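Residue numbers (the working numbering), protein chains in the order written: chain A, 1 to 285; chain B, 286 to 483.
For every residue, glycine included, the Cβ atom is placed at its ideal position computed from N, Cα and C.
Computed from a prediction, not measured in an experiment: that's the story for all the values here.
Everything below concerns the one structure shown next.
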């Protein structure tokens with residue numbers, strides 16, 4: 001049996017008791033072999049840790065959907081309760097109005113004398129001062145110009161599909177990666193809707209999708225996705241996602257959120273986009 | 286109590302074993318609010334703690350099934366999940382105010398029944414920063430490698446099943462690709478370890 005196979009089977013628990021004892025003996029006498037076994041154990045732990053995190057993220061997403069549905073139902077129930085209450089009170093008031101005893105009816109009073117109406121010359125009023133001007137807000141055109149100057153769809157060499165090993169046929173997630181690399185965002189978005197749940201929960205793919213949406217001007221959808229990518233914290237593009245979320249806010253005209261995010265990136269010396277964030281903040285000011 | 290599952294326990298176990306992970310969301314959703322109510326009577330704790338415990342129970346169920354350590358349940362699934370989540374709450378919150386009610390899930394959780402059989406060879410990442418280091422290494426892998434490694438070593442799929450999923454021409458191709466991915470992961474871990482120790 002080869003060494004790697006032996007180690008794999010050791011971790012699988014499929015070795016016989018004698019073989020297990022043999023592995024332990026080798027580990028005790030050979031530090032290099034021991035290091036290899038430990039490294040294999042760490043690799044398995046890494047895989048399981050990441051997979052568990054992904055599964056939990058899927059469940060958490062499902063939980064949020066369930067909570068949102070429940071909140072919606074509660075709101076509807078509250079609305080109907082309030083509406084029913086208002087109708088009931090109105091019905092009671094009407095009933096009281098029609099059925100109140102005649103004795104309680106107010107005695108008719110003679111109408112008050114109508115004062116003589118005099119002709120009043122128009123008053124010359126001072127011109128009304130104009131209301132204070134609202135704080136100057138950059139026009140939509142300004143934010144879009146800033147956005148256009150700052151936004152470039154994310155690219156790095158690792159995204160190049162050619163870097164990967166050769167395969168007979170692209171899987172749908174790989175087609176997404178390829179379409180992104182080729183810049184065919186419309187095809188990417190169309191294909192994305194047909195992905196299975198697991199692929200749709202891949203935040204690396206979602207990051208590409210958000211970039212495409214942003215490039216097509218669909219900034220609110222992009223912002224929702226990027227917020228989710230950041231919240232889940234399982235994508236290798238999380239660091240970049242902050243920058244693109246700031247751009248999504250900028251495109252949507254939410255300058256306050258844009259600045260909050262840009263300041264955060266600017267203050268983080270490890271952020272890849274620190275120079276870009278500083279530059280954009282200066283441009284905004 | 287939540288609605289009964291569309292599938293019985295055996296069907297769910299078979300579905301998970303066959304790689305149909307969508308059933309996990311179904312399982313998670315079916316008894317979730319039921320568990321929150323049940324746990325709320327026993328623990329004075331934030332809702333997030335119940336959520337964490339519930340997720341942990343569902344993930345534990347999945348891990349037990351895919352590793353072949355759980356092939357049938359001695360109790361009904363709701364009880365099993367509640368008992369595992371209950372234990373998770375107990376472990377995490379020993380000082381938490383607790384009111385014990387007696388029902389079947391309580392009894393299972395406090396009995397000596399082995400709910401979760403640990404894998405004898407499972408490595409628990411220990412030491413400061415080890416989890417983060419492993420996370421960094423995994424996330425530096427290509428998504429294709431990550432996915433294949435998870436299918437093999439977390440979902441415990443056979444080489445043949447992975448070959449079918451990825452439409453490889455032969456099992457040998459799959460095997461070679463898995464070996465390369467695993468080797469790459471080990472290199473990344475070693476690099477991260479060196480960086481951590483220096």
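Chain A contact for residue i (CB, 8 angstroms cutoff)
i	result
residue 423 of chain B	yes
residue 314 of chain B	yes
residue 317 of chain B	yes
residue 295 of chain B	no
residue 343 of chain B	yes
residue 446 of chain B	no
Cutoff 8 angstroms; reference residue i; Cβ partners in own chain excluding five residues on either side
i	result
residue 437 of chain B	444, 447 and 463
residue 195 of chain A	172, 173, 176 and 205
residue 340 of chain B	313
residue 3 of chain A	33 and 36
residue 188 of chain A	176, 179, 180, 208, 209 and 212
residue 414 of chain B	481
Beta-carbon neighbours of residue i, restricted to chain A and to distances below 7 angstroms
i	result
residue 471 of chain B	39 and 43
residue 419 of chain B	42, 45, 46 and 49
residue 439 of chain B	47, 48 and 51
residue 467 of chain B	43
When the options are compared against residue i, the one with the closest alpha-carbon
i	options	result
residue 155 of chain A	A:226, A:149, A:82 and A:237	A:237
residue 279 of chain A	A:14, A:7 and A:150	A:150
residue 200 of chain A	A:216, A:181 and A:228	A:228
residue 309 of chain B	A:197, A:242 and A:191	A:197
residue 373 of chain B	B:303, B:363, B:345 and B:433	B:345
residue 324 of chain B	B:460, B:370, B:307 and B:424	B:370
residue 420 of chain B	A:30, A:67 and A:48	A:48
residue 265 of chain A	A:252, A:247 and A:254	A:247
Within chain B, partners of residue i - CB distance below 7 angstroms
i	result
residue 197 of chain A	307
residue 202 of chain A	428
residue 60 of chain A	340
With 16 other Cβ atoms within 10 Å as the buried cut-off, status of residue i
i	result
residue 16 of chain A	exposed
residue 277 of chain A	buried
residue 270 of chain A	exposed
residue 169 of chain A	exposed
residue 320 of chain B	buried
residue 343 of chain B	buried
residue 44 of chain A	buried
residue 303 of chain B	exposed
residue 98 of chain A	exposed
residue 93 of chain A	exposed
residue 350 of chain B	buried
residue 80 of chain A	exposed
residue 243 of chain A	buried
residue 96 of chain A	exposed
residue 51 of chain A	buried
residue 240 of chain A	buried
residue 470 of chain B	buried
residue 158 of chain A	exposed
residue 77 of chain A	exposed
residue 273 of chain A	buried
residue 332 of chain B	exposed
Within-8 angstroms CB hit, residue i to chain B
i	result
residue 171 of chain A	yes
residue 179 of chain A	no
residue 75 of chain A	no
residue 18 of chain A	no
residue 6 of chain A	no
residue 210 of chain A	no
residue 63 of chain A	yes
residue 66 of chain A	yes
Sequence-distant residues of the same chain with beta carbon closer than 6 angstroms to residue i, five excluded per side
i	result
residue 365 of chain B	358
residue 454 of chain B	none
residue 430 of chain B	466
residue 161 of chain A	177, 178 and 181
residue 221 of chain A	213
residue 135 of chain A	With a pLDDT of 44 at residue 135 of chain A, under the threshold of 50, the modelled position of that residue is not reliable, and no figure is offered here.
Within chain A, partners of residue i - CB distance below 9 angstroms
i	result
residue 435 of chain B	47, 48, 50, 51 and 54
Proximal chain B residues relative to residue i, where beta-carbon distance stays under 9 angstroms
i	result
residue 174 of chain A	428 and 429
Beta-carbon proximity list for residue i, same chain, < 7 angstroms, skipping 5 on both sides
i	result
residue 232 of chain A	57 and 203
residue 71 of chain A	none
residue 250 of chain A	143, 146, 147 and 258
Within chain A, partners of residue i - CB distance below 8 angstroms
i	result
residue 416 of chain B	49
residue 474 of chain B	39, 42, 43 and 46
Cross-chain neighbours of residue i in chain B, by beta carbon under 8 angstroms
i	result
residue 236 of chain A	424 and 425
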